[in-house]
Amino acid sequence: MGDLLINLLASVIAGTAVWLAGFLLRRRRLARERAFFGLTEGASCLLVASRHASSPSENSVHRRDVAALVELATIARECGARADRVGEAEPAGEIGRLTEFCVGGPGVANPRSAVHLRTILRGVTFADYDPAAARLAFTVGGTEYARSPDTTYVLLARFWGPTRGRPVFLLGGLTAGANLAAARYLASRHRALDRQYGADRPFALVLRIVEPAAYGTDFTELAADVTDVAFAPAPQPAG
């Protein structure tokens, strides 16, 4: 009888230790995830999405951009935060007040992206869309990343404003499908990104989506880490 009680007690202690270890591991992972995204329990974050370029409605969003927003809202929910979508005509507010996920390249579809590129990501240039040539491309540090029949690209970046605060995540793709690929990459690889950049270092990555017509977002790979050239300093006034 005594041996049975000892065995039962040992089993309870071992089970409790395993549960406690798992609980602490989950707590630590959640804390790191919150720090990486700049989110806290009960906080809000902003989702800024491109307007559907071919739609006359100001509130229309491409279905793949909607899917990207769902991925990002899921990240926020996992962190215990709330995601609020901001439309094109609504002011997103000052940078750093809330964590911001900005989806889509610059231009009339997403003026917020254009501002971020103009003021912070000065080493990145998106080419004006040429309908006749149907050509989409952006350039970082002298290297051009252009859409082709079997490949498209997206810039995934994290940065802060001049007063620091909360981070901005920019997902600037050549297509709405590329934006979705970046959102899924961020959702699945944020732990690896955290190990590389921590919670307080900016990064800028070019992701390549291979054969999107056949594979969707399943074949997304890192094309280049352009952190060292994407955040070009502001030009100094002539003295």
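In terms of the working numbering, the sequence shown is numbered consecutively and its last residue is 311. Think of the CB as a built atom: it goes at the ideal place given N, C-alpha and C, for glycine as much as any other residue.
- Euclidean distance between Cα positions of valine 301 and serine 116: About 31 Å.
- Item | Helix, strand or coil at threonine 191 according to DSSP, with G and I counted as helix | Reduced to three states, the DSSP call for threonine 191 is helix.
- Task: Label proline 305 either buried or exposed according to how many other C-beta atoms from any shown protein chain fall within 10 Å of its C-beta, with 16 as the threshold for buried.
- Result: Exposed, since its Cβ has fewer than 16 Cβ neighbours within 10 Å.
- With respect to the beta strand (DSSP E) encompassing leucine 118, which residues constitute its N-terminal and C-terminal limits? Here the beta strand (DSSP E) through leucine 118 covers 116 to 121.
- Measure the alpha-carbon distance for threonine 223 versus serine 260 and round it to whole angstroms. Spanning the two alpha carbons is a distance of roughly 21 Å.
- Measure from the alpha carbon of valine 138 to the alpha carbon of each residue in Pro178, Asp200, Phe231 and Gly249, then state which is nearest. Just measuring C-alpha positions, the residue of Pro178, Asp200, Phe231 and Gly249 sitting nearest valine 138 is Gly249.
- Query: So what's valine 301 in DSSP terms, helix, strand or just coil?
  - Reply: Here valine 301 sits in helix by DSSP.
- Rounded to the nearest angstrom, how far is the Cβ of isoleucine 119 from that of alanine 155, given a contact under 8 Å? It is worth fixing the name first, because residue 119 is leucine in this sequence and not isoleucine. Between alanine 155 and leucine 119 the Cβ distance is about 5 Å, and since that is below 8 Å, they are a contact.
- Query: Are at least three pairs of beta-carbons, each pair with one atom in the segment 205 to 220 and one in the segment 136 to 151, less than 8 Å apart?
  - Reply: Because the criterion of three Cβ pairs below 8 Å is not met, the segment 205 to 220 and the segment 136 to 151 do not touch.
- Task: Assign tyrosine 217 to buried or exposed, taking buried as 16 or more other Cβ atoms, counted over all protein chains shown, within 10 Å of its Cβ.
- Result: Buried, because 16 or more other Cβ atoms sit within 10 Å of the Cβ of tyrosine 217.
- Look at leucine 279 and alanine 295 and say whether their C-beta atoms are less than 8 Å apart. In contact: leucine 279 and alanine 295 (Cβ atoms closer than 8 Å).
- In DSSP terms, what glycine 315 is bridged to: Limits of the chain in this structure are 73 at one end and 311 at the other, which puts residue 315 out of reach.
- Query: If you run the structure through DSSP and keep just helix, strand and coil, what is glycine 244?
  - Reply: If DSSP states are grouped into helix, strand and coil, glycine 244 belongs with the strands.
- Ordered along the chain, which non-local residues of its own chain (more than five positions away) have a Cβ less than 6 Å from that of arginine 194? Within its own chain, the residues whose Cβ lies closer than 6 Å to the Cβ of arginine 194, once the five positions on either side in sequence are excluded, are Ala304, listed in chain order.
- Query: Between glutamate 150 and glycine 114, what straight-line distance do the alpha-carbon atoms span, to the nearest angstrom?
  - Reply: Going from the Cα of glutamate 150 to the Cα of glycine 114 covers about 11 Å.
- Message: By the three-class DSSP mapping on this structure, what secondary structure does isoleucine 281 have?
- Response: DSSP, read as helix, strand or coil, puts isoleucine 281 in strand.
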